[in-house]
Structures are given as structure tokens and as C-alpha cells.
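>
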Amino acid sequence: MLVTKLSEKIKKINIAGSVRFNVRLKDFTTFKTGGPADIFITASDAADIIKARQFAAENNLPVFILGGGANILVSDKGIRGITLYTGEMNQFTVEDNKLISHAGITVNRLAEAAMESSLSGFEFIYGMPGTVGGALWMNARCYGSEISQIFQWADVINDNNEIERIYFEKKDWAYKQSPFQSRGLFIYKCCFSLENQDKEAIQKEMNNNYNDRIKKGHFNAPCAGSIFKNNRSFGKPSGQIIDEAGLRGLRIGKAAVSDFHANIIINEGDAKASDILDLINLVRKKVKEQTGYDLEPEIIPVGEWR
Ligand SMILES: Cc1cc2nc3c(=O)[nH]c(=O)nc-3n(C[C@H](O)[C@H](O)[C@H](O)COP(=O)(O)OP(=O)(O)OC[C@H]3O[C@@H](n4cnc5c(N)ncnc54)[C@H](O)[C@@H]3O)c2cc1C
Numbered sequence: 045m046l047v048t049k050l051s052e053k054i055k056k057i058n059i060a061g062s063v064r065f066n067v068r069l070k071d072f073t074t075f076k077t078g079g080p081a082d083i084f085i086t087a088s089d090a091a092d093i094i095k096a097r098q099f100a101a102e103n104n105l106p107v108f109i110l111g112g113g114a115n116i117l118v119s120d121k122g123i124r125g126i127t128l129y130t131g132e133m134n135q136f137t138v139e140d141n142k143l144i145s146h147a148g149i150t151v152n153r154l155a156e157a158a159m160e161s162s163l164s165g166f167e168f169i170y171g172m173p174g175t176v177g178g179a180l181w182m183n184a185r186c187y188g189s190e191i192s193q194i195f196q197w198a199d200v201i202n203d204n205n206e207i208e209r210i211y212f213e214k215k216d217w218a219y220k221q222s223p224f225q226s227r228g229l230f231i232y233k234c235c236f237s238l239e240n241q242d243k244e245a246i247q248k249e250m251n252n253n254y255n256d257r258i259k260k261g262h263f264n265a266p267c268a269g270s271i272f273k274n275n276r277s278f279g280k281p282s283g284q285i286i287d288e289a290g291l292r293g294l295r296i297g298k299a300a301v302s303d304f305h306a307n308i309i310i311n312e313g314d315a316k317a318s319d320i321l322d323l324i325n326l327v328r329k330k331v332k333e334q335t336g337y338d339l340e341p342e343i344i345p346v347g348e349w350r
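Residue numbers (my numbering): 45 to 350.
As C-alpha cells, then:
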């Protein structure tokens with residue numbers, strides 16, 4: 045009803061990308077779950093983002109920024125308002141040892157671009173699903189490194205719909221924390237500072253990391269990577285804690301704690317998002333009862349859950 049009313053109006057804002065309605069979000073998430081997005085805008089540039097956000101403000105609609113959908117759990121009822129998809133903002137340029145890209149490019153493509161230019165720094169993250177914007181927002185980390193270590197600046201669209209440049213400042217970054225989270229900023233463009241190195245050495249390191257992920261089962265079934273953050277004060281990784289609590293293989297519907305890594309929940313077929321969320325809560329409750337540790341979810345539940 046709301047969508048029908050707004051569909052004519054939104055056409056008038058002339059989005060250069062595309063505007064679609066009732067788009068199935070399970071096609072845009074690595075969990076392969078999620079109901080429809082009422083209004084799905086594929087942004088092609090900063091002007092699209094600004095227009096979409098202005099339209100949302102004028103019509104009192106929420107906006108959700110969707111990257112690769114690799115760290116979110118979209119509800120079965122989907123997302124109301126506007127889902128602003130970045131996946132087609134994927135250009136990049138190389139300037140000396142700097143890689144400057146739009147936020148919607150995949151981490152893998154950017155790592156390959158760095159390698160092609162004999163630039164080292166992205167190898168650690170090669171194989172991780174998602175976009176560069178999502179990785180910055182999450183301060184993605186693996187194999188002992190995190191993306192903040194190569195980050196130099198980002199052009200963001202702020203609440204006033206102005207483009208603002210945010211430079212790296214150590215104090216803004218921590219484990220799974222970035223300066224973009226607190227202010228609801230749209231990361232539009234970003235710059236990474238890399239080092240010249242032998243192309244073959246870079247390629248080798250990338251392949252090692254990718255193959256290690258394959259070996260660990262990361263791509264065996266739809267999932268969103270680690271469900272819970274690690275908490276140093278617990279003295280061991282969350283996966284080990286869940287494992288020791290005997291929860292490997294625990295299931296609700298078609299959602300299961302995977303048998304290859306206890307901190308990964310997989311969709312075994314047509315799992316509902318609600319099954320996955322219930323399973324996350326159940327694991328959390330059982331771990332709390334058995335160990336006293338309160339695991340903090342890393343996955344972000346998104347959309348309408350009522
Ligand atoms: C098999 C597998 C393995 C994984 N391994 C790892 C790992 O080793 N380390 C790790 O850290 N994570 C891992 N993850 C999780 C995921 O890949 C990362 O968190 C990734 O950075 C998410 O990026 P995304 O583009 O998919 O973001 P999304 O899931 O689309 O979004 C995540 C959050 O970022 C926000 N966001 C996205 N783009 C923008 C933007 N341009 N501007 C502002 N906000 C934005 C969204 O609104 C949302 O709040 C894994 C996931 C899978 C499926």
C-alpha cells in the first residue's frame with residue numbers, strides 16, 4: 045500500500061541507478077534468508093545516495109545500507125522503507141601506492157586489483173565475502189590483521205547529506221569498531237595505503253588465505269561467518285566456548301551450528317531467518333547458563349522482526 049503510493053513519487057527523483065519494489069533480499073545475503081525490501085535502490089553514485097536519503101527524510105522512511113549482505117540477518121518479513129544497495133558502485137583507481145575505490149566493490153576484486161598493481165596489504169582479507177564499505181564499517185579482521193591497518197581516508201555522506209572526508213585516526217578504531225558506526229555515515233569512497241611488493245608473493249599469500257578458508261569450510265553452506273565476537277577476557281575464542289558447551293550440531297528448523305566451526309551457523313536448506321535468530325539466542329543462553337559468559341553477537345539482525 046505504502047509502496048504503491050510512493051512508487052510514482054520516487055520515480056520523479058531521477059535515480060541514475062535503479063529503483064525496484066518488493067525485492068527478495070535472500071538473493072542479496074550470504075545466509076540466503078530474508079523477505080522483501082519495500083523499496084530497493086541501487087545507487088550508482090553519490091548523487092543517487094543523497095537523493096535517496098532526502099526522499100527518505102521527506103517521507104519519513106528508514107534507510108538501510110546494504111553491501112554484500114555477508115554480516116547481516118535479514119528478517120523473514122524483510123526491510124521496510126528504503127534499502128540502499130551499494131553493489132554497483134565498484135570503480136577503482138590506483139595512484140602510486142594508493143588504491144582508491146568506491147565502497148561497493150567486493151573485497152576480493154579490490155585485493156585482486158592491488159595484486160595486479162604489485163601492491164601488498166589486502167592479501168590477509170582475500171576470500172572474505174562482502175564489499176569494502178561493509179568491511180570498513182565492521183572493521184573486518186582475519187589472520188591477525190584488520191582493515192583499519194591499511195585504511196587512509198573515506199569520503200562519507202553525512203546526516204546533512206554532505207560529503208565529508210574522514211581520515212584514519214587510531215583512536216576511532218578498535219576490535220569490530222569503526223568511526224562509521226556511531227554516526228550512521230554512508231561510506232561512498234575510500235583510500236587504502238599499500239606497499240610495493242613482488243606480484244607473485246602477493247598472489248601466493250592470497251591463495252594461501254583463500255585455500256585456508258576453503259579448508260575450514262567457510263563456503264560449504266550459506267552462512268555469515270562468525271556469529272559471535274571474540275571476547276579476550278573470556279580467555280578463549282567464542283567457537284571453542286560453544287564447542288566445549290557441546291553445542292556443535294544444535295539445530296532449529298534448517299538452521300544449525302555447523303559441525304566444522306562452532307561459531308558458524310549455517311542455513312541447511314530453506315532455513316527461516318527466525319530459526320537462525322532463535323538458534324543464536326539459544327546458543328547464547330546455553331553458553332551463559334553453562335559458563336557465565338555472555339557472548340555478544342557479531343551478526344546484525346536487520347528488518348522487521350515483530
Ligand atoms: C564465509 C564468511 C566468512 C567471513 N569471514 C570473516 C572474517 O574472516 N572476518 C570478518 O571480519 N568478517 C567475516 N565475515 C563477515 C563479513 O564478510 C564481513 O563482516 C564483511 O565486511 C561484511 O561486508 P558486507 O559488504 O557484506 O556488509 P553488509 O553485511 O551488507 O553490511 C554490514 C553492515 O555494514 C553496513 N554497511 C555496508 N556498506 C556500507 C557503506 N558503504 N556505508 C555505510 N555502511 C555500510 C551495513 O548497513 C551493515 O550495518 C565472513 C562472512 C562469511 C559469509
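Idealized CB from N, CA, C, for every residue including glycine.
According to the neighbour-count rule (16 or more other Cβ atoms, all chains shown, within 10 Å of its Cβ), is Glu190 buried or exposed?
Glu190 should be labelled buried.
> Identify every residue that forms a DSSP beta bridge with Thr175.
According to DSSP, Thr175 bridges with Thr150.
> Cβ of Arg185 versus every heavy atom of ligand 1: is any distance shorter than 7 Å?
Arg185 Cβ: within cutoff of ligand 1.
> Quick check on Asp338: buried or exposed, where buried means 16 or more other Cβ atoms within 10 Å of its Cβ?
So Asp338 ends up on the exposed side.
> In three-state terms, what does DSSP make of Tyr170?
The answer is coil: DSSP assigns Tyr170 none of H, G, I, E or B.
> Can you name the start and end residues of the alpha helix (DSSP H) that Lys330 belongs to?
Run containing Lys330: 317-335, per the alpha helix (DSSP H) assignment.
> Here's the rule I'm using: 16 or more other beta-carbon atoms within 10 Å means buried, otherwise exposed. How should Tyr211 be labelled?
The residue in question, Tyr211, is exposed, as its Cβ has fewer than 16 Cβ neighbours within 10 Å.
> If you measure from the CB of Asn115, is any heavy atom of ligand 1 nearer than 7 Å?
For ligand 1, at least one heavy atom lies less than 7 Å from the Cβ of Asn115.
> What residue does the alpha helix (DSSP H) around Ala245 start on, and which one ends it?
Run containing Ala245: 243-259, per the alpha helix (DSSP H) assignment.
> Ligand 1 heavy atoms versus the CB of Gly165: any closer than 7 Å?
Every heavy atom of ligand 1 is 7 Å or more from the Cβ of Gly165, so no.
> Starting from Asn240, follow its DSSP beta bridges and name the residues at the other end.
Asn240 is bridged to Leu163.
> Confirm the yes/no value for this check: CB of Leu321, any heavy atom of ligand 1, distance under 7 Å.
Outside the cutoff, so no.
> Rounded to whole angstroms, what's the CA-CA distance from Ser270 to Ile324? Just pull it up for me.
Near 11 Å, if we compare the C-alpha coordinates of Ile324 and Ser270.
> Our contact map puts Lys273 next to Lys220 with C-beta atoms below 8 Å; I'd like the distance itself, whole angstroms only.
About 6 Å separates the two Cβ atoms, so the contact holds.
> To which residues of the same chain is Phe168 closer than 7 Å at the C-beta, ignoring the five residues directly before and after it?
Closer than 7 Å at the Cβ level, and outside the excluded window around Phe168, lie Cys186, Tyr187, Ser189, Asn253.
> Could you check which residue in Leu180, Met172, Ala265, Val138 has the C-alpha nearest to that of Thr77?
Minimum Cα distance to Thr77 is reached at Ala265.
> So Asp287 is in the beta strand (DSSP E); what residue range does that whole segment cover?
Looking at the DSSP string, Asp287 is not in any beta strand (DSSP E); the run it does join, the alpha helix (DSSP H), is 282-288.
> Note down, in chain order, each residue of its chain lying with its Cβ closer than 8 Å to the Cβ of Leu291, except the 5 sequence neighbours on either side.
Val301, Ala306, Val327, Lys330, Val331, listed in sequence order.
> Just checking, does the region 134-143 make contact with the region 87-107 on the three C-beta pairs under 8 Å criterion?
As far as the Cβ criterion goes, the region 134-143 does not touch the region 87-107, which means the pair count is below three.
> Where does Thr130 fall in DSSP's three states?
Here Thr130 sits in coil by DSSP.
> Assuming contact is defined by CB atoms lying nearer than 8 Å, are Ile343 and Ile116 in contact in what I supplied?
Cβ atoms of Ile343 and Ile116: closer than 8 Å.
> So is the beta-carbon of Met159 under 7 Å away from any non-hydrogen atom of ligand 1?
Not under cutoff, so the answer is no.
> Hey, how far is the Cα of Arg124 from the Cα of Glu348?
If I take the Cα positions, the gap works out to 7 Å.
> Report buried or exposed for Ile85, applying the criterion of at least 16 other Cβ atoms within 10 angstroms of its Cβ.
Looking at its Cβ environment, which holds 16 or more other Cβ atoms inside 10 Å, Ile85 is buried.
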